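Asks: Sharing a structure, written as structure tokens. Questions coming.
Structure below.
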């Protein structure tokens, strides 16, 4: 997918990053000069979705309304951000096998929090882990282009913009829609592009993302 991000969003005049907020939040770094790289920066929607499902049986927190009704807890947030994954150097990848409710429950030991305060803290975790990743590994980013289902979480996007202004005042944040691609179609378009790249015998991997030894043509064709 970072190869597709480069194809669609690279600009030789500015340093860009693509933030995809799915279950996991991941970044593709597109410097105006230099090597493209990408990595998972931490939980996106998955903990938020799992927590609201546990307490209300809902698949997701509509517009982040439930999170907005709570207050982030500094102690829980501090415990979560101490996880070594967040400061690990890229390339790195994670998933729900690591960040899940068992992980959260362990970190909540000894704390007495309302469910909505936990949800607010999980929302803050997503924001903090994204901004930490940008400051640590791509501090010269000028434009952050956001896509994925998390774009529909209004509270998440608004808080991300507000807190980015304090931590990275020169950073502009925009939806991929402003660049002509619906935020929820970026990933599916990426897979269509990968199929096209295979048919064109064009390398479609980014070695700095996967640790591969070089460029490779990806995929296979099996005629019916």
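In my numbering, the protein residues as written are 265 to 488. Note that CB positions come from ideal geometry on N, CA and C, so glycine has one too. Since the structure is predicted, the reported quantities are computational estimates derived from the model, not experimental observations.
1) Three or more C-beta pairs closer than 8 Å, one from the region 381-396 and one from the region 294-314: is that the case here?
2) Using the three-state DSSP reduction, which class does residue 294 fall into: helix, strand or coil?
3) May I ask which residues mark the beginning and end of the alpha helix (DSSP H) holding residue 394?
4) Which ranges does the alpha helix (DSSP H) cover as unbroken runs of at least 4 residues, wholly within the region 311-369, from first to last along the chain?
5) When we look at the beta-carbon of residue 301 and count the other beta-carbons within 10 Å, is it buried (16 or more) or exposed?
6) Do you know offhand how far residue 411's Cα is from residue 441's?
7) Given a threshold of 16 other Cβ atoms within 10 Å of its Cβ, counted over all protein chains shown, does residue 463 qualify as buried or as exposed?
8) Since residue 266 is in the alpha helix (DSSP H), which residue starts that stretch and which ends it?
9) In the DSSP output, what is residue 284 paired with across the bridge?
10) Are there three or more Cβ pairs, one per stretch, closer than 8 Å when the region 344-353 is compared with the region 427-444?
11) Let me check one thing: in DSSP terms, what residues is residue 301 bridge-paired to?
12) If you measure between the beta carbons of residue 405 and residue 279, is that distance less than 8 Å?
13) Quick check on residue 454: buried or exposed, where buried means 16 or more other Cβ atoms within 10 Å of its Cβ?
14) When the distance is taken between beta carbons, is residue 328 closer than 8 Å to residue 310?
15) Do the region 374-387 and the region 269-283 meet, that is, are 3 or more Cβ pairs less than 8 Å apart?
16) Using the Cα positions of residue 314 and residue 354, report the straight-line distance between them to the nearest angstrom.
17) According to the Cβ coordinates, are residue 423 and residue 387 closer than 8 Å?
18) Can you tell me whether residue 425 is helix, strand or coil according to DSSP?
19) In three-state terms, what does DSSP make of residue 418?
20) Within its chain, find whatever has a CB closer than 8 Å to the CB of residue 418; leave out the 5 residues flanking it on each side and keep chain order.
21) How close, in whole Å, do the beta carbons of residue 285 and residue 415 come, if the pair is a contact with beta carbons under 8 Å?
Replies: Quick answer:
1) yes
2) Stepping through the chain shown from its first residue, residue 294 is reached at position 30. Strand.
3) Position 130 of the chain shown, counting from 1, holds the residue named residue 394. First-last of the alpha helix (DSSP H) with residue 394: 379-401.
4) 329-332, 338-345
5) Here residue 301 refers to the residue found at position 37 of the chain shown. Answer is buried; the Cβ neighbour count reaches 16.
6) Stepping through the chain shown from its first residue, residue 411 is reached at position 147. Stepping through the chain shown from its first residue, residue 441 is reached at position 177. So the alpha carbons of these two residues sit roughly 8 Å apart.
7) The residue you call residue 463 lines up with position 199 of the chain shown. So residue 463 counts as exposed.
8) Within the chain shown, residue 266 is the residue found at index 2, counting from 1. That run of the alpha helix (DSSP H) goes 266-273.
9) Here residue 284 is taken as the residue at index 20 of the chain shown, counted from 1. Note: residue 284 sits in a beta bridge opposite 290, 411.
10) no
11) On the chain shown, position 37 is the one that residue 301 refers to. Residue 301 pairs with 293.
12) For the purposes of this step, residue 405 is taken as the residue at position 141 of the chain shown. For the purposes of this step, residue 279 is taken as the residue at position 15 of the chain shown. Yes, these two residues count as a Cβ contact at 8 Å.
13) Your numbering for residue 454 matches position 190 in the chain shown. Residue 454 is buried by the Cβ-count criterion.
14) Position 46 of the chain shown, counted from the start, is the residue given in the question as residue 310. Position 64 of the chain shown, counted from the start, is the residue given in the question as residue 328. Contact: no.
15) no
16) By one-based count along the chain shown, residue 314 stands at place 50. By one-based count along the chain shown, residue 354 stands at place 90. For residue 314 and residue 354, the distance between alpha carbons rounds to 26 Å.
17) Your numbering for residue 423 matches position 159 in the chain shown. Your numbering for residue 387 matches position 123 in the chain shown. Yes; because the gap between Cβ atoms is below 8 Å, this pair is in contact.
18) Taking the chain shown and counting its residues from 1, the one referred to as residue 425 is at position 161. In the structure shown, residue 425 sits in a helix (DSSP, three-state: H, G or I).
19) Indexing the chain shown from 1 puts residue 418 at position 154. Correct three-state label for residue 418: helix.
20) Mapped onto the chain shown, residue 418 falls at position 154. If we look at residue 418 and ignore the five residues flanking it on each side, its Cβ neighbours are 327, 328.
21) Numbered from 1 along the chain shown, position 21 holds the residue referred to as residue 285. Numbered from 1 along the chain shown, position 151 holds the residue referred to as residue 415. Correct: roughly 7 Å between the Cβ atoms.
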